[in-house]
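Sequence lines, in order, name chains A and B. When the first sequence is numbered by our numbering, its final residue is 111 and no position is left out of the sequence of numbers. When the second sequence is numbered by our numbering, its final residue is 110 and no position is left out of the sequence of numbers. For every residue, glycine included, the Cβ atom is placed at its ideal position computed from N, Cα and C. Source: prediction; values computed, not measured.
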Amino acid sequence: EPEVTQTPSHQVTQMGQEVILRCVPISNHLYFYWYRQILGQKVEFLVSFYNNEISEKSEIFDDQFSVERPDGSNFTLKIRSTKLEDSAMYFCASKGGDTQYFGPGTRLTVL
Amino acid sequence: LAKTTQPISMDSYEGQEVNITCSHNNIATNDYITWYQQFPSQGPRFIIQGYKTKVTNEVASLFIPADRKSSTLSLPRVSLSDTAVYYCLVGVLLFNKFYFGSGTKLNVKP
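Written out as structure tokens, the structure reads:
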């Protein structure tokens, strides 16, 4: 069964550093998403992406965040200058038909 | 987007059927109902999706009454490995972004 994959599984960085989280959506899916989940809290929507542009974004997705589909397979989330409060699990999801499928997540730890 | 309300937690025993009900009083005409399962430190896993009446797949059933203001996820004969958080979400399928609630933490005991 096709799966959404994410790399790395765990990323540790220093505050103020840039990080790029990578996702490979399910092939032939057209809609892509990023969510985050702070430890012990609920999953929060960050951004949706379709046709090479952002469709919607939440208030969390400020100027520190950006998304890109640099080639035909990868979908990335960049955080330009990480803060301590960015520490969380970040989930990528993709949708081709009626259902969003989530990846396993990247645990980001900002020190 | 329609807000959902679920019980915070439920306990069950292995082999029992578990029914988790979700209220979504403000569901819109175009909204679908989707249930996800999440284990700690893992991504939400799709369980089942429906619009009305009953939907069944190999892992669960989803019951939706005619007014669609609630839905019930039914897990037949749960096992210890079904211990997880279960989320009910409603939204329009096209361009849908999901707003997750707190979910229902299901604890299956031996």
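- Message: Can you look up B:Ser-81 in the DSSP assignment and give me helix, strand or coil?
- Response: helix
- Find the residues of chain B that neighbour A:Phe-102, judging by a C-beta separation of less than 9 Å, and give them in chain order. Tyr-36, Gln-38, Gln-42, Gly-43, Pro-44, Arg-45, Phe-46
- chain B beta carbons: is any one of them nearer than 8 Å to that of A:Thr-99? yes
- alpha helix (DSSP H) runs wholly inside the segment 40–79 of chain B, at least 4 long, in chain order: none
- Query: Using a Cβ cut-off of 8 Å, which residues of the segment 60–78 of chain A contact any Cβ in chain B, in chain order?
  - Reply: none
- Message: With H, G and I counted as helix, E and B as strand and the rest as coil, what does DSSP make of A:Glu-3?
- Response: coil
- Own chain partners of A:Ser-73 with C-beta closer than 6 Å, once the 5 adjacent residues on each side are dropped: Val-24
- Message: If we define contact as Cβ-Cβ less than 8 Å, is A:Ser-27 a contact residue for chain B?
- Response: no
- Message: Please classify B:Ala-66 as buried or exposed, where buried requires at least 16 neighbouring CB atoms within 10 angstroms.
- Response: exposed
- Taking B:Gly-91 as the reference, give the member of B:Tyr-13, B:Thr-5, B:Ile-33, B:Ser-71 with the closest Cα. B:Ile-33
- Query: Using the beta-carbon count (16 or more within 10 Å), is A:Val-47 buried or exposed?
  - Reply: buried
- Query: According to the Cβ coordinates, are A:Leu-84 and A:Leu-21 closer than 8 Å?
  - Reply: no
- Where does A:Glu-68 fall in DSSP's three states? strand
- Indicate whether at least one CB of chain A lies closer than 8 Å to the CB of B:Gly-101. yes
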